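Working notes, beginning with the structure itself.
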Amino acid sequence: MKNLLLLSALAVSSVAAAKSDPCKLLSPNEVAAALGTSTVTASTATNQDFPSCNFDFEGGALQVSIITPAQKFLQGKTLLAFTQSGGDDNGGFKGLKTIAGLGDEAVGNSSKASTTVGKNTVTADIGTVLVRRGNSIILLLALANEPAANSINDRSMQSLTRRALLRLH
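Residues -18 to -1, 1 to 151, numbered by mature numbering (1 follows the signal peptide of the UniProt record, and there is no 0), are exactly what the sequence shown covers, in order.
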């Protein structure tokens, strides 16, 4: 009987661990293929407010986070209303637009940003998607100096989000 209880406890804790492990939502090969880069390594991100995984590649990274409970994070708002509400609590997500067909609700965008460092102009590709399913939110943030990732765009970010949703329990 003790063995059965122990096995049951281990099974339940394994399911809980898989549910909150963002490194299990995508593989390095999937990230590399979607973002048009070569070698990608995955590692658990430390010192984050939510369980997060960094998918690093030369010149950039994709961070995947799982935020639960969603309703507490959203403070009773929809994803779109939360991201458009401004203030310090929304993490600078202004400018995101609704994405149809992902989860219960989703917002995101991709863009380019340039800055001057000395005499050089550095251009970066940026992609963001937040998707809610039930009481969980998956957040994907990608940033790469050009031309490190050839494909940080709406299509690639949404493709990665769809794959991550398939593995979210």
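Here a beta-carbon is modelled for each residue, glycine too, at the ideal position from N, C-alpha and C.
Note that the structure is predicted; figures quoted are calculated from it, not measured.
Of the listed residues the options, nearest to residue i (C-alpha basis)
| i | options | result |
| --- | --- | --- |
| S92 | L84, K101, G77 | G77 |
| T26 | T143, K6, F39 | K6 |
| F64 | A82, G90, N102 | G90 |
| T60 | T103, L150, S2, N117 | N117 |
| N108 | P129, K101, I81, L148 | The sequence given here has Ile at residue 108, not Asn. Comparing Cα-Cα distances from I108 to each of P129, K101, I81, L148, the minimum goes to P129. |
Burial state of residue i (16 or more Cβ within 10 Å)
| i | result |
| --- | --- |
| A106 | buried |
| L137 | According to the sequence as given, residue 137 is Arg; it is not Leu. Exposed: under 16 other Cβ atoms inside 10 Å. |
| L56 | buried |
| T143 | buried |
| G85 | buried |
| L148 | exposed |
Bridge partner(s) assigned by DSSP for residue i
| i | result |
| --- | --- |
| N102 | V99 |
Beta carbon of residue i nearer than 8 Å to that of residue j
| i | j | result |
| --- | --- | --- |
| G42 | A126 | yes |
| F39 | T21 | yes |
| V113 | A88 | yes |
| S133 | G18 | yes |
| P33 | P10 | no |
| A24 | C35 | yes |
| R115 | L62 | no |
| T110 | V104 | no |
Below 8 Å, how does it come out for the segment 108 to 122 and the segment 43 to 50: are there three or more Cβ pairs, yes or no? yes
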